[in-house]
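Written out below as C-alpha cells is the structure these notes cover.
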Amino acid sequence: MKKNNLYTSLSPDPGDTPIIAEHISKSYNKGTAPALSNVSLTVKKGELFGLIGPDGAGKTTLFRILTTLLLADSGQARISGYDVVKDFKQIRSTVGYMPGKFSLYQDLTVQENLTFFAALFGTEVATQYELIRDIYDQIEPFKNRRAGKLSGGMKQKLALCCALIHKPSVLFLDEPTTGVDVVSRREFWEMLQKLKRQGITILVSTPYMEEAVLCDRIALIQNGQLLNIDTPSQITGTFPAALYAVKAASIYTLLKDLRSWNQVESCYAFGEWLHVTLRQHTGDARALIREYAAAKAHQQVTVQLIAPTIEDSFIRLATTNPLQHGTPNQP
Amino acid sequence: MRTLRFILQKEFRQMFRDKTILAMMFMLPVIQLGILPLAMNLDVKNINLAIVDQDHSTYAQKLISKIGASGYFRIVTVAPAYKQALFTLENGTADIILEIPASFERNLVREGRQPLNITADAINGTKSGIGSSYLLTVIRDFNRDIRLMSNGQPVASPAGIEIASTAWFNPYERFTWYIVPGVLVLLLTLVGGFLSSLNIVREKEIGTIEQINVTPIKKWQFILGKLIPFWVVGMIVLTIGLLVARLFYGIVPVGSLILLYLLAAVYLVALLGFGLLVSTISNNQLQSMFIAFFFIMIFVLMSGLFTSVDSMPAWARSVAAFLPITHFMKAVRMIILKGSTLGDISPILIYESLFAIGLNALAIWNYRKTQ
Numbered sequence: 001m002k003k004n005n006l007y008t009s010l011s012p013d014p015g016d017t018p019i020i021a022e023h024i025s026k027s028y029n030k031g032t033a034p035a036l037s038n039v040s041l042t043v044k045k046g047e048l049f050g051l052i053g054p055d056g057a058g059k060t061t062l063f064r065i066l067t068t069l070l071l072a073d074s075g076q077a078r079i080s081g082y083d084v085v086k087d088f089k090q091i092r093s094t095v096g097y098m099p100g101k102f103s104l105y106q107d108l109t110v111q112e113n114l115t116f117f118a119a120l121f122g123t124e125v126a127t128q129y130e131l132i133r134d135i136y137d138q139i140e141p142f143k144n145r146r147a148g149k150l151s152g153g154m155k156q157k158l159a160l161c162c163a164l165i166h167k168p169s170v171l172f173l174d175e176p177t178t179g180v181d182v183v184s185r186r187e188f189w190e191m192l193q194k195l196k197r198q199g200i201t202i203l204v205s206t207p208y209m210e211e212a213v214l215c216d217r218i219a220l221i222q223n224g225q226l227l228n229i230d231t232p233s234q235i236t237g238t239f240p241a242a243l244y245a246v247k248a249a250s251i252y253t254l255l256k257d258l259r260s261w262n263q264v265e266s267c268y269a270f271g272e273w274l275h276v277t278l279r280q281h282t283g284d285a286r287a288l289i290r291e292y293a294a295a296k297a298h299q300q301v302t303v304q305l306i307a308p309t310i311e312d313s314f315i316r317l318a319t320t321n322p323l324q325h326g327t328p329n330q331p
Numbered sequence: 001m002r003t004l005r006f007i008l009q010k011e012f013r014q015m016f017r018d019k020t021i022l023a024m025m026f027m028l029p030v031i032q033l034g035i036l037p038l039a040m041n042l043d044v045k046n047i048n049l050a051i052v053d054q055d056h057s058t059y060a061q062k063l064i065s066k067i068g069a070s071g072y073f074r075i076v077t078v079a080p081a082y083k084q085a086l087f088t089l090e091n092g093t094a095d096i097i098l099e100i101p102a103s104f105e106r107n108l109v110r111e112g113r114q115p116l117n118i119t120a121d122a123i124n125g126t127k128s129g130i131g132s133s134y135l136l137t138v139i140r141d142f143n144r145d146i147r148l149m150s151n152g153q154p155v156a157s158p159a160g161i162e163i164a165s166t167a168w169f170n171p172y173e174r175f176t177w178y179i180v181p182g183v184l185v186l187l188l189t190l191v192g193g194f195l196s197s198l199n200i201v202r203e204k205e206i207g208t209i210e211q212i213n214v215t216p217i218k219k220w221q222f223i224l225g226k227l228i229p230f231w232v233v234g235m236i237v238l239t240i241g242l243l244v245a246r247l248f249y250g251i252v253p254v255g256s257l258i259l260l261y262l263l264a265a266v267y268l269v270a271l272l273g274f275g276l277l278v279s280t281i282s283n284n285q286l287q288s289m290f291i292a293f294f295f296i297m298i299f300v301l302m303s304g305l306f307t308s309v310d311s312m313p314a315w316a317r318s319v320a321a322f323l324p325i326t327h328f329m330k331a332v333r334m335i336i337l338k339g340s341t342l343g344d345i346s347p348i349l350i351y352e353s354l355f356a357i358g359l360n361a362l363a364i365w366n367y368r369k370t371q
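Chains H and C are the protein sequences, given in the same order. Be aware that the first sequence starts at 1, since it is given in the UniProt record's numbering, and climbs by one per residue. Be aware that the second sequence starts at 1, since it is given in the UniProt record's numbering, and climbs by one per residue.
Given below as C-alpha cells:
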C-alpha cells in the first residue's frame, strides 16, 4: 500500500467523509467468481447511506472489506481517515459492525452479551448507556433471557446495542431488517434516524427497495457493480421515461401481449400491476396502450400514469447496464 | 488482562450452560474408567468346551472334572461322537472340542502315553488361542498328577527345567494396572484434542467470530481465552480419573503426583495446540470432528494403549516413537506403576514441551495466515 500518496489519490477530505472506497475489486475462488468490480463510494459525516441490491449483489463483501474482515484484491478504502489494511486496529475500535447473520452468543443472556462486548472494547455498559438507552429500554424486560430465545426483532435490537456499545463514529449494518417483521422494521429505521441525529455515520444495506427512500443517499448495486449513487428522489426523478401501470382481467396474457408489442420498451409485473414503458415517450400514451389491449381482446383494462419508485429505477438500471460477469457468488 | 478475564468468564459461563458437554466432561472419566478396563479384560473366561468322551473311565472322568474346576471353561456338552461335537462348534455353541479316545485310561496305564485331540474355532483368534493354551496347561497338570497316582512316587521327568516368573511392578499381573493409566491418557487426549478444536470452530460456524474480529481484541487474548478453560477441564478430568483409579481399582500412583500433574500439564498444552491447529484448518464442526477423529484414532492405535509397540513393524514403530502420546503413555505408566522420578522422565518431559511449543506456534501462525 502506497501510504504517502494516499491522500493525493483519494480526493475527498477524510475529516467529513468517514467512508471512502475507491475502485474496490474482489473475487472469490481464485478470480473465477467476481464479487465486486471497481466499486467507489463516499459517505459523508452524519449521513444515512443505503446500499440497495438483491441477494448476491456483493453487499456483504463490500461490508467485510470496509470493516477490515476481508482484503480487497485491488482498490483502497479509508474509514474515519484510517486505511482498512494498514490501520485495521484503529478502525476496529471506531466502527460498529452488525453482520447480516445474528452473530452474538445465543447461550449468553442479553445482559451478558452486552457486558461482554463492552468489555472487549474496554468500556462499560453504564458509561455508554445514554447512546443505547432508547434501544436497550425495549429489550430490557428480557435482559436475563438467552439471546437465542429472543424473537427476530429483539435479536436485531440487541445486535444493534452491541454494535453501539463503544460509541462508534461509523456504523455498518448489513441487512439489519432481513427476516424481521414489518413493525420491527419500521421501529428499526426510526432508531437509525435517531442515531443519525446523534452524528453517527451509518452505512446500511438492504434488499428491500421500499426502505431506500428512508436513506439520505443510496447506491444501487447489482452483480458487484454500482449502478447509481444519488439521493432517492434524484434517482426516481431522473427516470427517463413515462411509466404506466396497466391492469386487466387476465394479467398473464396481457404481460405476454405487451412484451410482444414492438412499441413496448419494458414490461414487468409489479404486484397486481404491470409496469410498462414505451419506446417513444412523447405525450400521454395511456390511450394508445388501452387501444392495443382492447385490440387483443382484454377485459377490464386500466391504465395509469404513475411516478416511478426506486424499484423501477433499479430494474431499469439493472437491465440497461450491460452485465460483464455471470452471477457472482455470495461468500 | 481485564479483557482476558472477561473472555475467560464468558467461556466458563458458556461451558457451564451446555449441560450435555458438561456432563460428558465429568461423566466421561468416571464411566470410561469404570467400564472400559473391565470390557478390555484380556483374561479369557467362559470358554465353551465340548467334550467327546469315548472312554468313560475314571481317568477320563477325573480329567473332565479337573477342566470344569479350573474356572475358565464351561462344558456345554459331552457328546458321544466327534461329529456331534463338531456340529456344536459349527453352530457356535462351543469354542473348543476336546476328544478323549476310547482307550484313554488303558493306554495311559499300560503305555504311559495317550494323545488327545483339541479342535478350536479360530474365528475368535484370541479366545481360541488362549483357550487352547489354558486347556493344555490343565492337561499338563493332570498328566503330572496321574504319574504320581500310578507310581506312588514321582517319575523323574526328562530334563525338568522349571520356569518361575515374577511380574515386576505389577506382581499380581492385574491387567487393570496396565489398562487404567492408558484409558486415563486416552481421556486427556479426547478432552484436549476434541473439545478445544470443536469449541473454536463453533465460533466460526455460528458466525460469532465475525463479531469478535471487528473488536479490538488481540489474537493472544482470544487464543488464551480458548485454551485455558480446556486446560483446566483436562486437569479436572485427570484428577477425577486418578480418584476413580484409586477407588475402583486400588491403583495408587507409586511416583510423585506433582510430577504426574506437571507432565499432564505440558502434554495438555501440546494437545490444545493440536486442537487449535485443527480448528484453523476446518470451517465447521463436522470437518474438525473428522480431522480430530482421524488423528486421535492413529494416536490411540499406535501409542501402545491396546497393543505392544514393540511388536509393530519397523515403520509403525518409528511413527509411534514420534507421537507425543506414546511417550506420555509410557511416562504415565512409569510414574503410576513404577514410581519413576523427574530424572527418569525428563527426556519425555522435554519432548512433550517441544511439541507444546511447536504445535502452538504452528497453530498461531496458521491462525494469523487465515485472517
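For every residue, glycine included, the Cβ atom is placed at its ideal position computed from N, Cα and C.
Could you tell me the alpha carbon to alpha carbon distance between residue 335 (chain C) and residue 179 (chain C), rounded to whole angstroms?
Going by the C-alpha atoms only, they are around 14 Å apart.
Looking at the unbroken alpha helix (DSSP H) that takes in residue 107 (chain C), where does it start and where does it end?
Per DSSP, residue 107 (chain C) belongs to the alpha helix (DSSP H) from 104–111.
Does DSSP put residue 273 (chain H) in a helix, in a strand, or in coil?
It is a strand residue.
In angstroms with no decimal places, state the Cα-to-Cα distance between residue 90 (chain H) and residue 337 (chain C).
Taking the straight line joining both Cα atoms gives about 56 Å.
Let me see if you follow: with CB-CB separation under 7 Å, is residue 105 (chain H) close to chain C or not?
Judged by the 7 Å Cβ criterion, residue 105 (chain H) is in contact with chain C.
I believe residue 330 (chain C) touches residue 348 (chain C) by the beta-carbon criterion, under 8 Å. Please report the beta-carbon distance rounded to the nearest angstrom.
Sure, about 7 Å apart at Cβ, within 8 Å.
Three Cβ pairs or more, each shorter than 8 Å: is that satisfied between the stretch 50–61 of chain H and the stretch 79–94 of chain H?
Output reads no: the stretch 79–94 of chain H does not touch the stretch 50–61 of chain H.
When DSSP labels each residue in this structure, what does residue 34 (chain H) get in the three-state scheme?
It is a strand residue.
Out of curiosity, what's the CA-to-CA distance linking residue 264 (chain C) and residue 235 (chain C)?
Distance between the alpha carbons of residue 264 (chain C) and residue 235 (chain C): 8 Å.
If you follow the alpha helix (DSSP H) that residue 115 (chain H) is in, where does it begin and where does it stop?
Note, residue 115 (chain H): alpha helix (DSSP H), 110–120.
Taking Cβ positions only, does residue 6 (chain C) come closer than 7 Å to chain H?
Yes, because at least one Cβ of chain H sits closer than 7 Å to the Cβ of residue 6 (chain C).
How long is the line joining the alpha carbons of residue 218 (chain C) and residue 270 (chain C), rounded to whole angstroms?
Taking the straight line joining both Cα atoms gives about 22 Å.
Under DSSP, the beta strand (DSSP E) around residue 117 (chain C) begins and ends at which residues?
Start and end: 117–120.
For residue 139 (chain C) and residue 21 (chain C), what's the separation of their Cα atoms in angstroms?
Going by the C-alpha atoms only, they are around 53 Å apart.
Residue 110 (chain H) and residue 133 (chain H) - do their beta-carbons sit closer together than 7 Å?
For residue 133 (chain H) and residue 110 (chain H), no; Cβs fall outside 7 Å.
Return the first residue and the last residue of the alpha helix (DSSP H) that residue 335 (chain H) is part of.
In the structure as shown, chain H begins at 1 and stops at 331. Residue 335 (chain H) is therefore absent and cannot be evaluated.
Consult DSSP for residue 312 (chain C) and reduce its assignment to one of helix, strand or coil.
If DSSP states are grouped into helix, strand and coil, residue 312 (chain C) belongs with coil.
Can you look up residue 357 (chain C) in the DSSP assignment and give me helix, strand or coil?
Looking at residue 357 (chain C) - three-state DSSP - the assignment turns out to be helix.
State the start and end residues of the unbroken alpha helix (DSSP H) segment that holds residue 134 (chain H).
129–139 is the span of the alpha helix (DSSP H), which, as asked, contains residue 134 (chain H).
Taking Cβ to Cβ, would you say residue 225 (chain C) is nearer than 7 Å to residue 38 (chain C)?
No, Cβ-Cβ distance for residue 225 (chain C) and residue 38 (chain C) is not below 7 Å.
Within the stretch 17–77 of chain C, note down every full beta strand (DSSP E) run reaching 3 residues or more, in order along the chain.
Runs of the beta strand (DSSP E) inside the stretch 17–77 of chain C: 47–53.
Enumerate in chain order the residues of its own chain whose CB-to-CB distance from residue 308 (chain H) is below 7 Å, with the five nearest sequence positions on each side excluded.
Contacts found: 236, 239 and 243.
Within 7 Å of any Cβ in chain H, is that where the Cβ of residue 17 (chain C) sits?
At least one chain H Cβ lies under 7 Å of residue 17 (chain C).
Measuring only between beta-carbons, confirm whether residue 93 (chain H) sits less than 7 Å from chain C.
Chain C, which has a Cβ nearer than 7 Å to the Cβ of residue 93 (chain H), makes this yes.
Name, in chain order, the residues that DSSP records as bridge partners for residue 268 (chain H).
Note: residue 268 (chain H) sits in a beta bridge opposite H:275.
Is residue 297 (chain C) buried or exposed, if buried means 16 or more other CB atoms sit within 10 Å of its CB?
So residue 297 (chain C) ends up on the exposed side.
Looking only at DSSP bridge pairs, what is residue 290 (chain H) linked to?
Paired residue(s): none; residue 290 (chain H) is not in a bridge.
Would you say residue 328 (chain H) reaches chain C, if we count a Cβ-Cβ gap shorter than 7 Å as a contact?
Any reading at residue 328 (chain H) needs caution, since the residue's pLDDT is 41, under 50, leaving its predicted position unreliable; the model's value is listed next. Not an interface residue.
Identify every residue that forms a DSSP beta bridge with residue 27 (chain H).
Answer is H:34.
Count the other C-beta atoms from every protein chain shown that fall within 10 angstroms of the C-beta of residue 71 (chain H), then say buried if there are 16 or more, exposed otherwise.
Flag for residue 71 (chain H) reads exposed.
Given that residue 14 (chain C) touches chain D, what residues does it touch there, using C-beta distances under 8 Å?
Absence of chain D from the displayed structure is noted, the protein chains being H and C.
Go to residue 303 (chain H), then tell me how far its beta strand (DSSP E) extends in each direction, as first and last residue.
From DSSP, the beta strand (DSSP E) with residue 303 (chain H) extends over 302–306.
Can you list the residues of chain H that residue 219 (chain C) reaches, using a CB-CB cut of under 9 Å?
Simply none; closest approach about 11 Å.
Is it the case that the stretch 32–51 of chain H contacts the stretch 146–157 of chain H, given that we only count it when at least three CB pairs across the two stretches are under 8 Å?
As far as the Cβ criterion goes, the stretch 146–157 of chain H does not touch the stretch 32–51 of chain H, which means the pair count is below three.
Excluding five sequence neighbours on each side, which residues of the same chain lie with their C-beta closer than 8 Å to the C-beta of residue 261 (chain C)?
Hits under 8 Å: 235 and 238.
Could you check whether residue 325 (chain C) and residue 303 (chain C) sit closer than 7 Å to each other, using their CB atoms as the reference points?
Their beta carbons are under 7 Å apart, which means residue 303 (chain C) touches residue 325 (chain C) by this criterion.
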